[in-house]
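Take 736 as the starting number for the sequence shown in my numbering and just add one per residue. For each residue, glycine too, the CB sits at the ideal point set by N, CA and C. Take a look at the structure below.
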Amino acid sequence: MRSRLPANTAPALVAAGLFFACWGLIHHGFYSNGVLTDLPTYTTYGEQMRHGHVPYRDFRVEYPPGALPVFLAPAFFANYAFVFGWLMAACGVAMVLVVAAATRSRFALGFVAISPLLVGSLYPTRFDLWPVALLGAAVVALAGRRDRLGFALLGAATVVKAFPVVVLPVALIWVYRRRGRAATIQAAAIFAGVVAVVVAPFFAESPSGLWQSVSGQFSRPLQIETLPAAVAMLVGHPTVANTHGSFNLIHLDAVAACLSVVELLAFAALWFALTRGTVDRERFVQGAAASVAIFVACGKVLSPQYLIWLVPLVALLEGRRLAVACGLLATALGLTLVFFPQRYFDYVEQRQLAWVVVLRDLTLVALAAALSASAVSRSRA
C-alpha cells in the first residue's frame, strides 16, 4: 500500500525554500550596508574553547552554557562567519518546519518564510535563531499536549538564552489546569533536570564565573532602545555610555526600576488571568506569545534581535489574532530596519530618528497588549 505524505508537507517545503531565498537576499544590497555584528565576540568564545579554555572559569561568557555549541562549531573552520551563518540558516529552516507542523495557515507560513526580509542582517549575525527554534518546538509540543517533550525543549531553550523562562509559568498553568498537581510537578522536574544537566558541569568548574554571567544581566542599566530611553532621547539630552556590551542611559536607575515593576505587574496580571476561564490550545499559545512580548516591550534592555523571539510565536496564533499580531510585529521589524543597523550611530550619537525608535517601541507595547487582552478577557468567561 502506497504511503502518502502529510497534507502540509508541500506547503512546508515551499516555505522552507522561500525562507532560503529570502536568506540569500539579506546578504546583498540594502541589507549588506553598515552591518553591526556580534560575530567577533562569538569568534573569541569559539577560539578560546577550541584551544582548551573552559568557559566561565578561564574566560568570561555573557550567555548561558547552552549557547556554547554554536560558538564553538564554526571555530574549526577557516571562515567562521560563513559557517555560523549556515548554522543559523539551518535553525531558521527548523523554525519554519516547526510552524508548518502546527498550522495549516498559509499566511502564518508565509510570514515566517519571508521573515529574513523583515529581520535583515540580524539573522546571520546573532545566535537567536537557535533558542527561538527550540522555544517554537517547545510551544508546539506543549500545545499538542506532549508535555514531557515540551518541558524538555523549554528547558533546553532556557539554557541557550534565558528569555524562554518567561513561558514556564504559562506552561505550568496549562498542564495544571488540564492534568492536575502531580503532572505539573513532574513537568517542572523535567524542566529543572534539563537545565541542571547542562549547567551543572560549568557550575562545578566555576560557580563564581557562572554567577557573574547571570548577575551581570540583572545589573544592566536602561538600554538606549527601550521606550523610556527613546522618549528621553527624543525630548532631552541624556548621557549615553557604552557599558555591559550596549549603549545605555546613565543616571536613570529609578526609571529602569519603575520599568521593571511595570513588567512584573504585567506578567502577574497575565499569568493570573490564565488561571481563570477557558482552557484551550489557542489560549496557551497566546499566553506564551504574550509573555515573550511583555519581556521584550517592558524590559530595561531592548536589543533589535529581541524581536526575532516573537516570529514563530505570533505565527502559531489563529484567526484574527494571527493577522493582528503578525501585522504589528512586521511593523515593528520594519521600523527597526529604518534605524538599525545603517543609522544606528546617528541615533546613539546625535539622537536622530529617535521618533522612529519611540514608534517602534509603542508598536511592541501594542503587540504585548493585544496578545494579553484576550487572555484577560477570556478569564471572565
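Distance between beta carbons of VAL854 and PRO1047, contact taken as under 8 Å: About 12 Å separates the two Cβ atoms, so there is no contact after all.
For GLN1087, which three-state DSSP category applies? Of the three classes helix, strand and coil, the one that applies to GLN1087 here is coil, per DSSP.
Bridge partners - PHE794, DSSP secondary structure assignment: Under DSSP, PHE794 takes part in a beta bridge, and its partners are PRO790.
Assuming ALA923 contacts ASP882 (C-beta within less than 8 Å), just tell me the rounded distance between them. Incorrect: roughly 11 Å between the Cβ atoms, too far for contact.
Could you check whether ALA1103 and ILE1029 sit closer than 9 Å to each other, using their CB atoms as the reference points? Yes, Cβ-Cβ distance for ILE1029 and ALA1103 is below 9 Å.
Tell me the rounded alpha-carbon separation between ALA1067 and ALA1089. ALA1089 has its alpha-carbon roughly 14 Å from the corresponding atom of ALA1067.
Whole-angstrom distance between ARG1095 and THR1071, CA atom to CA atom: Counting only the Cα atoms, ARG1095 lies some 7 Å from THR1071.
So VAL929 and ALA887 are supposed to be a Cβ contact under 8 Å. How far apart are they, rounded? Confirmed, Cβ separation roughly 5 Å.
Would you mind listing the beta strand (DSSP E) stretches within the segment 754-826 that are 3+ residues and don't spill past its ends, in chain order? If you keep only unbroken beta strand (DSSP E) runs of at least 3 residues inside the segment 754-826, you get nothing at all.
Excluding the five sequence neighbours on either side, which residues of its own chain have a C-beta within less than 7 Å of the C-beta of ARG739, listed in chain order? Legend: pLDDT at ARG739 = 48, less than 50; position of this residue unreliable, value from coordinates given subsequently. Within the same chain, ARG739 has no close Cβ partners at all.
Please name the residue, chosen from ALA1105, VAL1100 and VAL1073, that lies closest to TYR766 on a Cα-to-Cα basis. Residue VAL1073 is the option with its Cα nearest to TYR766.
Beta-carbon gap between VAL789 and PHE862 smaller than 9 Å: Not a contact, by the Cβ cut-off of 9 Å.
Short check: CB of MET823 to CB of PRO859, under 9 Å? Against a cut-off of 9 Å, the Cβ pair of PRO859 and MET823 comes out as a contact.
Which value, in whole angstroms, describes the spacing of the CA atoms of LEU1051 and LEU1000? When rounded, the distance between both Cα atoms is 25 Å.
If you run the structure through DSSP and keep just helix, strand and coil, what is THR1071? Looking at THR1071 - three-state DSSP - the assignment turns out to be helix.
What residue from LEU1009, LYS1035 and THR1013 has the CA that sits closest to LEU994's CA? Nearest C-alpha to LEU994 among LEU1009, LYS1035 and THR1013: LYS1035.
Just to confirm before moving on: does the CB-CB distance between GLY801 and VAL933 stay below 9 Å? Their beta carbons are under 9 Å apart, which means GLY801 touches VAL933 by this criterion.
For SER850 and PHE926, what's the separation of their Cα atoms in angstroms? Distance between the alpha carbons of SER850 and PHE926 is about 30 Å.
Tell me where the alpha helix (DSSP H) around SER943 begins and ends. Residues 942-953.
For SER954, count neighbouring C-beta atoms within 10 Å of its own C-beta (all shown protein chains included) and say buried if the count is 16 or more, exposed if not. Exposed is the call here.
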